[in-house]
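To start, the structure under review is shown below, and the notes come after it.
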Amino acid sequence: MSLANLKHIHPELDIHFNDGVFTLMINRPDRKNALHSSLYLALEAALIQADHISEVKVVILRGIDKDFTAGNDLQDFDKIVKLGLDAPAFKLLRAAHQLKKPLIMAVKGVAIGIGTTILLHADLVYCDPTSRFQLPFTSLGLSPEGASSLLLPRQIGYLRASELLMLATPFDAVFAKDIGLVNDVVITDVYDYALQKANKLASLPNTSLQITKAMLKQSENRSVLDCIDTEGEIFLERLQSPEFKEALAAFSQKRQPNFNQFN
Numbered sequence: 021m022s023l024a025n026l027k028h029i030h031p032e033l034d035i036h037f038n039d040g041v042f043t044l045m046i047n048r049p050d051r052k053n054a055l056h057s058s059l060y061l062a063l064e065a066a067l068i069q070a071d072h073i074s075e076v077k078v079v080i081l082r083g084i085d086k087d088f089t090a091g092n093d094l095q096d097f098d099k100i101v102k103l104g105l106d107a108p109a110f111k112l113l114r115a116a117h118q119l120k121k122p123l124i125m126a127v128k129g130v131a132i133g134i135g136t137t138i139l140l141h142a143d144l145v146y147c148d149p150t151s152r153f154q155l156p157f158t159s160l161g162l163s164p165e166g167a168s169s170l171l172l173p174r175q176i177g178y179l180r181a182s183e184l185l186m187l188a189t190p191f192d193a194v195f196a197k198d199i200g201l202v203n204d205v206v207i208t209d210v211y212d213y214a215l216q217k218a219n220k221l222a223s224l225p226n227t228s229l230q231i232t233k234a235m236l237k238q239s240e241n242r243s244v245l246d247c248i249d250t251e252g253e254i255f256l257e258r259l260q261s262p263e264f265k266e267a268l269a270a271f272s273q274k275r276q277p278n279f280n281q282f283n
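Heads up: the sequence shown begins at 21 in our numbering, then just goes up one per residue.
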């Protein structure tokens, strides 16, 4: 697929290419850039093609306007159950992890669920002071995904990872920087800042960058892909649990879920 064709791959995905930098912008601002099946597949295809297009040196993933992504669209969970480990969300996570070229993520506003776990597959992550993160899986009766049960303790330590994954505690940009989830909190426009970093990378020898990334990733590649699948199998089971059904009902009825009935 050519760069010209990629630019029209999905109506809710804006793609820009300039001087070796391939920028993917999730464009669904009315739903806080929540992701769904066809959008996941478009992002997966774009990442895969980025590795095969020689002109692409660096990839940026970001949202349009003021949010990164609110995570998986609640209306899309049934499709994940039907497709199992071939569900588009899991395909995107594998593609992000396996990308050979440098991957920068720039965050504004909400980064919920997969909006946080996908950051664990980036090479550089920048956010601005408006950023809000959460791994809400237990509060929905679900379980970790995206190899977060493996990568998050490695990156930020077991105790902090257990707090974020077990308590589903929301956290802000400063905390994300303190624990090492993001490289920096950018006071100026984080999209411009990420582009500056991407331009710097694009000016460096492409082969050297890819070799360096491969060396950094070599000890974890197989275990991460295995973990994405193992977590995915458990996640699929939880999507059919009474707790998750209660969480969805509570959300639609604008009330607090009652999980005590299942204990």
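Beta carbons: idealized from backbone N, C-alpha and C, even for Gly. Keep in mind the model is a prediction, meaning the values are calculated, not measured.
**OP:** Reducing DSSP to helix, strand and coil, say where threonine 150 ends up.
**Re:** For the purposes of this step, residue 150 is identified with residue 130 of the sequence shown, where counting begins at 1. Coil, per DSSP.
**OP:** State the beta-bridge partners of phenylalanine 42 as determined by DSSP.
**Re:** Walking along the sequence shown from the start, residue 42 turns up at place 22. In the DSSP output, where bridge partners are listed per residue, phenylalanine 42 has Phe37 and Val79.
Subject >> Three-state class that DSSP yields for leucine 61 in the structure shown >> reply: What you label residue 61 is simply residue 41 of the sequence shown in a count that begins at 1. It is helical.
**OP:** For the beta strand (DSSP E) containing alanine 218, list its first residue and its last residue.
**Re:** Walking along the sequence shown from the start, residue 218 turns up at place 198. Premise fails: alanine 218 lies in the alpha helix (DSSP H), 210-222, not in any beta strand (DSSP E).
**OP:** Any chance you could list the alpha helix (DSSP H) runs of at least 4 consecutive residues sitting entirely within the segment 83-163, in chain order?
**Re:** 97-103, 108-118 and 134-137
**OP:** Pick out whichever of Leu185, Gln230, Thr158 and Ala126 has its Cα sitting closest to the Cα of valine 210.
**Re:** As a first step, residue 210 is located in the sequence shown; it is residue number 190 there, counting from the start. Checking every option, the nearest Cα to that of valine 210 belongs to Ala126.
Original post:
Which partner residues does valine 205 have in the DSSP bridge list?
Top reply: For the purposes of this step, residue 205 is taken as residue 185 along the sequence shown, with counting starting at 1. Partner(s): Cys147.
Subject >> Residues of its chain near aspartate 198, where Cβ-Cβ distance is below 6 Å and the 5 sequence neighbours each way are ignored >> reply: Locating residue 198 in the sequence shown gives position 178, where the first residue counts as 1. Closer than 6 Å at Cβ, skipping near neighbours: no residue.
**OP:** Report yes or no: do three or more beta-carbon pairs, one from the segment 89-109 and one from the segment 219-236, lie closer than 8 Å?
**Re:** no
Original post:
Helix, strand or coil: which one does DSSP assign to phenylalanine 191?
Top reply: As a working note, residue 191 is residue 171 in the sequence shown. Looking at phenylalanine 191 - three-state DSSP - the assignment turns out to be strand.
Original post:
Among Leu44, Lys77, Asn38 and Ser168, which residue has its Cα nearest to the Cα of aspartate 246?
Top reply: Position 226 of the sequence shown, counted from the first residue, corresponds to residue 246. For the residues Leu44, Lys77, Asn38 and Ser168, the minimum Cα distance to aspartate 246 belongs to Ser168.
Original post:
Does DSSP put leucine 170 in a helix, in a strand, or in coil?
Top reply: For the purposes of this step, residue 170 is taken as residue 150 along the sequence shown, with counting starting at 1. Helix, per DSSP.
**OP:** Could you tell me the distance, in whole angstroms, from the CA atom of phenylalanine 255 to the CA atom of glutamate 165?
**Re:** Residue 255 sits at position 235 when you count from the first residue of the sequence shown. Residue 165 sits at position 145 when you count from the first residue of the sequence shown. When rounded, the distance between both Cα atoms is 7 Å.
Subject >> Pair within 8 Å by beta-carbon distance, phenylalanine 153 and phenylalanine 191 >> reply: What you label residue 153 is simply residue 133 of the sequence shown in a count that begins at 1. What you label residue 191 is simply residue 171 of the sequence shown in a count that begins at 1. A contact, by the Cβ cut-off of 8 Å.
Original post:
Cα separation between alanine 267 and isoleucine 138?
Top reply: Counted from its first residue, the sequence shown places residue 267 at position 247. Counted from its first residue, the sequence shown places residue 138 at position 118. Roughly 23 Å separates the two Cα atoms.
**OP:** Mind checking which residues open and close the alpha helix (DSSP H) that includes isoleucine 231?
**Re:** In the sequence shown, residue 231 corresponds to position 211, counting from 1. Per DSSP, isoleucine 231 belongs to the alpha helix (DSSP H) from 226-237.
Original post:
Grouping DSSP H, G and I as helix and E and B as strand, with all else coil, what is leucine 55?
Top reply: Here the question's residue 55 lines up with position 35 in the sequence shown. Here leucine 55 sits in strand by DSSP.
Original post:
When we look at the beta-carbon of glutamate 32 and count the other beta-carbons within 10 Å, is it buried (16 or more) or exposed?
Top reply: Here residue 32 refers to the residue found at position 12 when the sequence shown is read from its first residue. Counting Cβ neighbours within 10 Å, glutamate 32 comes out buried, since at least 16 surround it.
Original post:
In three-state DSSP terms, what is serine 261?
Top reply: Locating residue 261 in the sequence shown gives position 241, where the first residue counts as 1. If DSSP states are grouped into helix, strand and coil, serine 261 belongs with coil.
Original post:
In chain order, what residues of the same chain have a beta carbon less than 6 Å from the beta carbon of alanine 218, not counting five sequence neighbours either side?
Top reply: Counting from one through the sequence shown, the residue named residue 218 turns up at place 198. Around alanine 218: Val41, Val78, Ile80 and Ile124.
Original post:
I think leucine 172 touches leucine 185, with their Cβ atoms under 8 Å apart; what is that distance to the nearest whole Å?
Top reply: Here residue 172 corresponds to residue number 152 of the sequence shown, with the count starting at 1. Here residue 185 corresponds to residue number 165 of the sequence shown, with the count starting at 1. About 7 Å; that satisfies the 8 Å criterion.
**OP:** Take lysine 86 as the anchor and find which of Asp204, Leu67, Leu160 and Ala54 has the nearest alpha-carbon.
**Re:** For this step, residue 86 is matched to residue 66 along the sequence shown. Measuring from the Cα of lysine 86, the nearest candidate turns out to be Ala54.
Original post:
Assuming arginine 258 and glycine 133 make a contact with CB atoms under 8 Å, what is their CB distance in whole Å?
Top reply: For the purposes of this step, residue 258 is taken as residue 238 along the sequence shown, with counting starting at 1. For the purposes of this step, residue 133 is taken as residue 113 along the sequence shown, with counting starting at 1. Actually they do not touch by this definition, with Cβ atoms about 13 Å apart.
Original post:
For asparagine 92, does the count of other Cβ atoms within 10 angstroms reach 16, so buried, or fall short, so exposed?
Top reply: On the sequence shown, residue 92 is found 72 positions in, with the first residue counted as 1. Asparagine 92 comes out buried.
**OP:** Indicate the three-state DSSP secondary structure (helix, strand or coil) for serine 74 in the structure shown.
**Re:** Taking the first residue of the sequence shown as 1, we reach residue 74 at position 54. In the structure shown, serine 74 sits in coil (DSSP, three-state: anything other than H, G, I, E or B).
**OP:** Pick helix, strand or coil for glycine 200, following the three-state DSSP scheme.
**Re:** One-based indexing of the sequence shown puts residue 200 at position 180. It is coil, neither helix nor strand.
Subject >> Where phenylalanine 282 falls: helix, strand or coil (DSSP) >> reply: Along the sequence shown, read from residue 1 onward, the residue named residue 282 stands at position 262. DSSP places phenylalanine 282 in helix when its eight states are reduced to three.
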